[in-house]
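Asks: Numbering (the working numbering), first residue to last: -2 to 223.
We put the beta carbon where it would ideally sit given N, CA and C, even for glycine.
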Amino acid sequence: MRTLETTNIPFQALPDIGHVASEYLTVGDFERRRRPLTIVFGLFAMTALFATGSAWPLHGVMRELFFFIGICMAAIGMLGRTWSNLFISGYKTRVLIQSGPYSICRNPLYFFSAIGMIGIGLCSETILLPLMMLLFFSLYYPWIISCEEKRLSAAHHEDYQEYCRRVPAFWPRLSTYEEPQSYTMIPRVMRKNIVDTFWFVALAAIVHIVADLHETHALPEFFTFW
């Protein structure tokens, strides 16, 4: 682990990258295409959650093991996203952040989101929901990462290319970890992101409550799944 001497983050105006490349710096169109897909998947996941019960024995160890692993993964996802947001909040695209979690993985927010969402799925005490989460992330996130990499490459040119050569896109490489002795964050943006990460814990609780309602037959089970 290296400790950097950097104590602040300089803001620099983005270079003149031309009309074609500048489209990658516009988040609006990207977000418009992204949100409907997220909503559709959310509806599928909710349907699976409310319609499917666990086939594991009611008081067996597997149900408890699924919930324990799931809540731990949800907590890791929440803490990891908070850590990542501490470094990136307010600096996105304008500054190429390469320290903290961004020194071991170019997309730590998505890495920790994947861990957290699979953990939330495990709180259902079946493997159906976590498998759905895994499939969703495997198909959906490569496209998101590709879109964002084009935007960052257009903004930072060779600096970003060198960063890509050094740091993996998704799976962390701990040997490249670097951190500054001090760091300037933007409280207003960071406060909003801390609130946003709370939904990991809230969703894990909701999923577990639904699983309990299935166990007590307060909710009907149309299917059961291991």
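My assumption, with CB atoms under 8 Å, is that Thr49 sits in contact with Thr123. Please give the rounded CB distance.
Replies: Right, their Cβ atoms sit about 6 Å apart.
Asks: Figure out for me which residue from Glu218, Glu212, Ser179 and His211 has the closest Cα to the Cα of Ser96.
Replies: Of the listed residues, the one whose Cα sits closest to Ser96 is Ser179.
Asks: Just the Cα atoms here: how many angstroms apart are Val204 and Gly118?
Replies: Their Cα atoms are separated by approximately 8 Å.
Asks: Just how far apart, CA to CA, sit Ser121 and Phe167?
Replies: Distance between the alpha carbons of Ser121 and Phe167: 26 Å.
Asks: Going along the chain, which residues of its own chain have a beta-carbon closer than 6 Å to the beta-carbon of Phe219, five neighbours each way excluded?
Replies: Counting only Cβ-Cβ distances below 6 Å, and skipping sequence neighbours, we find Ala48.
Asks: Around the Cβ of His213, are there at least 16 other Cβ atoms within 10 angstroms (buried) or fewer (exposed)?
Replies: According to the sequence as given, residue 213 is Thr; it is not His. Answer is exposed; the Cβ neighbour count stays below 16.
Asks: Taking DSSP's pairing of strands, which residues face Glu61 in a bridge?
Replies: None, per the DSSP bridge assignment.
Asks: With DSSP as the reference, label Thr79 as helix, strand or coil.
Replies: Thr79 falls in the helix class under three-state DSSP.
Asks: Under 8 Å: do the region 42 to 62 and the region 82 to 101 share three or more Cβ pairs, one atom per stretch?
Replies: No, the region 42 to 62 is not in contact with the region 82 to 101.
Asks: Would you kindly work out how many angstroms separate the C-alpha atoms of Pro54 and Val92, rounded to a whole number?
Replies: Distance between the alpha carbons of Pro54 and Val92 is about 52 Å.
Asks: Could you tell me whether the region 61 to 73 touches the region 103 to 117, using the rule of 3 or more Cβ pairs below 8 Å?
Replies: Contact holds: three or more Cβ-Cβ distances are below 8 Å.
Asks: For Glu218, report the span of its alpha helix (DSSP H) as first-last.
Replies: Run containing Glu218: none; DSSP gives neither H nor E here.
Asks: Going by DSSP in three states, Pro139 sits in which element: helix, strand or coil?
Replies: Here Pro139 sits in helix by DSSP.
Asks: Can you name the start and end residues of the beta strand (DSSP E) that Pro184 belongs to?
Replies: Looking at the DSSP string, Pro184 is not in any beta strand (DSSP E); the run it does join, the alpha helix (DSSP H), is Pro184 to Thr194.
Asks: What is the DSSP secondary structure of Ser51, reduced to helix, strand or coil?
Replies: Here Ser51 sits in strand by DSSP.
Asks: What did DSSP end up calling Glu20 once you bin it into helix, strand or coil?
Replies: Any answer about Glu20 is weak, because its pLDDT of 41 lies below 50 and its placement is not dependable; what the coordinates show is given next. It is helical.
Asks: What residue does the alpha helix (DSSP H) around Pro105 start on, and which one ends it?
Replies: Here the alpha helix (DSSP H) through Pro105 covers Pro105 to Leu119.
Asks: Shortest alpha-carbon distance to Phe64 belongs to which of Arg103, Thr221, Val207 and Ile142?
Replies: Comparing Cα positions, the closest option is Val207.
Asks: Can you name, in chain order, every residue of its own chain whose Cβ lies under 7 Å from the Cβ of Trp223, other than the five neighbours on each side?
Replies: Closer than 7 Å at the Cβ level, and outside the excluded window around Trp223, lie Ala52, Trp53, Thr123 and Ile124.
Asks: According to DSSP, simplified to helix, strand and coil, what is Glu122?
Replies: Glu122: coil per DSSP, three-state reduction.
Asks: Do the CB positions of Met187 and Asn82 come within less than 8 Å of each other?
Replies: Yes.
Asks: Distance check for Pro165 and Leu149, CA to CA, integer angstroms please.
Replies: Going from the Cα of Leu149 to the Cα of Pro165 covers about 15 Å.
Asks: Can you round the beta-carbon distance between Gly87 and Ile112 to whole angstroms, since I take them to be within the 8 Å contact cut?
Replies: Going by Cβ atoms, the distance from Gly87 to Ile112 rounds to 24 Å, so no, they are not a contact pair.
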